[in-house]
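The structure appears right after this line, and notes come after that.
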Amino acid sequence: MSVAGPRDLAERDVWVFDLDNTLYPAEHEVFDEIGERMTTFIARLTGFEHEAARVLREKYFLAYGATVVGVVKHHGASAADFLSYVHDVSFDAVHADPELAGLIERLPGRRIVFTNGARDYAGRILAKLGVTQAFDEVFALEDADLVPKPQRGAFERLVARCAFDPARAVMFEDHDRNLETAAAMGFATVLVGPPAPPAPFIHFATSSLHAFLRGLVEPSIDRSAGIA
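Residues in the sequence shown are numbered from 222 upward in steps of one, following the numbering used here.
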């Protein structure tokens, strides 16, 4: 899974990070609470029982990349109302990560958060992690006109809004289907999380974002080899 030749990360100077389960782990209870609130919103909107609403929530996520898209498209709900309701949760389980902030700040060039989450939610999470100042820009679902990853349109809006060449960019992400789109556009890709089957669009894979970033910013570590 190593990136070689023109894909060597040493040639890249735009660093694009997914938020949830990439900058911080999904084991946090906040995910369970958000999921439950999504189910409750859908149940109230449709009149479905809880389990049917949960199944519909998952169906929309798999179909569109973000549950809100299905809720708006099929039920005429307000995206703003949905996002405000589901993200009205406690972030007490999310803690500051000064090491991560320091590593990201040492990356040369621009640093961008690219999330299917809402802008307000992303801002609150980044603040809790203590990494807000490490990033130059945040590109959230509203900025993509509710077009989520992995749709190519989301990436095209990101590139246009933030004005960079994908051939100079690296995408860090926990969902391999999002990396497939990124790779097709010229991004170098890093899959963050548990081991996954090899795929041509996954150029690097790591179980530890911290370790991978240390390999990029510390000269003693070879950055041209994949880090598992």
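For each residue, glycine too, the CB sits at the ideal point set by N, CA and C.
Since the structure is predicted, the reported quantities are computational estimates derived from the model, not experimental observations.
Test item: CB-CB of residue i and residue j under 8 Å
{"i": "Phe433", "j": "Thr410", "result": "no"}
{"i": "Arg331", "j": "Val359", "result": "no"}
{"i": "Ala390", "j": "Val237", "result": "yes"}
{"i": "Lys349", "j": "Phe312", "result": "yes"}
{"i": "Asn337", "j": "Gly286", "result": "yes"}
{"i": "Thr261", "j": "His296", "result": "no"}
{"i": "Val290", "j": "Ala298", "result": "no"}
Length of the line joining the Cα atoms of residue i and residue j
{"i": "Ile255", "j": "Ala381", "result": "30 Å"}
{"i": "Ile333", "j": "Thr402", "result": "17 Å"}
{"i": "Asp318", "j": "Val235", "result": "22 Å"}
{"i": "Arg378", "j": "Tyr245", "result": "25 Å"}
{"i": "Leu294", "j": "Arg373", "result": "Position check: residue 294 holds Lys in this sequence, whereas Leu was assumed. Lys294 and Arg373: Cα-Cα distance of roughly 19 Å."}
{"i": "Ala417", "j": "Gln354", "result": "32 Å"}
{"i": "Leu437", "j": "Leu328", "result": "8 Å"}
{"i": "Asp366", "j": "Ala300", "result": "11 Å"}
{"i": "Glu250", "j": "Ile346", "result": "13 Å"}
{"i": "Ala446", "j": "Thr427", "result": "Reliability fails at Ala446, whose pLDDT of 43 lies under 50, so the model's placement of it is uncertain and the value that follows must be treated cautiously. Rounded to whole angstroms, Ala446 to Thr427 spans 12 Å at the Cα level."}
{"i": "His431", "j": "Phe269", "result": "42 Å"}
{"i": "Pro419", "j": "Ile325", "result": "26 Å"}
{"i": "Phe356", "j": "Leu400", "result": "20 Å"}
{"i": "Ala274", "j": "Met406", "result": "35 Å"}
{"i": "Phe282", "j": "Glu232", "result": "34 Å"}
{"i": "Ala384", "j": "Phe335", "result": "14 Å"}
Residue i versus the options, residue with shortest Cα-Cα distance
{"i": "Val413", "options": "Ala287, Arg398, Arg378 and Ala284", "result": "Arg398"}
{"i": "Val310", "options": "Phe252, Ile263, Phe262 and Ser299", "result": "Phe252"}
{"i": "Arg278", "options": "Arg265, Met259 and His296", "result": "Met259"}
{"i": "Asp239", "options": "His396, Glu439, Val438 and Val290", "result": "His396"}
{"i": "Leu451", "options": "Cys383, Phe408 and Leu367", "result": "Any question about residue 451 goes unanswered here, given that the chain covers just 222 to 449."}
{"i": "Pro369", "options": "Lys280, Ala274, Thr288 and Ala247", "result": "Thr288"}
{"i": "Ala264", "options": "Leu283, Val307, Ala284 and Glu250", "result": "Val307"}
{"i": "Gly323", "options": "Ala343, Val352 and Glu257", "result": "Val352"}
{"i": "Ala375", "options": "Asp364, Phe385 and Ala384", "result": "Asp364"}
DSSP three-state assignment for residue i, whether helix, strand or coil
{"i": "Val413", "result": "strand"}
{"i": "Glu394", "result": "strand"}
{"i": "Gly436", "result": "helix"}
{"i": "Asp309", "result": "coil"}
{"i": "Met222", "result": "Note that Met222 scores a pLDDT of 49, beneath 50, so its modelled location is shaky and nothing firm can be said."}
Below-8 Å beta-carbon distance, residue i vs any chain B residue
{"i": "Leu321", "result": "Absent from the structure: chain B. Only one protein chain is present."}
Item to check | Entirely enclosed alpha helix (DSSP H) segments - the segment 275–332, minimum 4 residues | outcome: 288–296, 300–307 and 319–326
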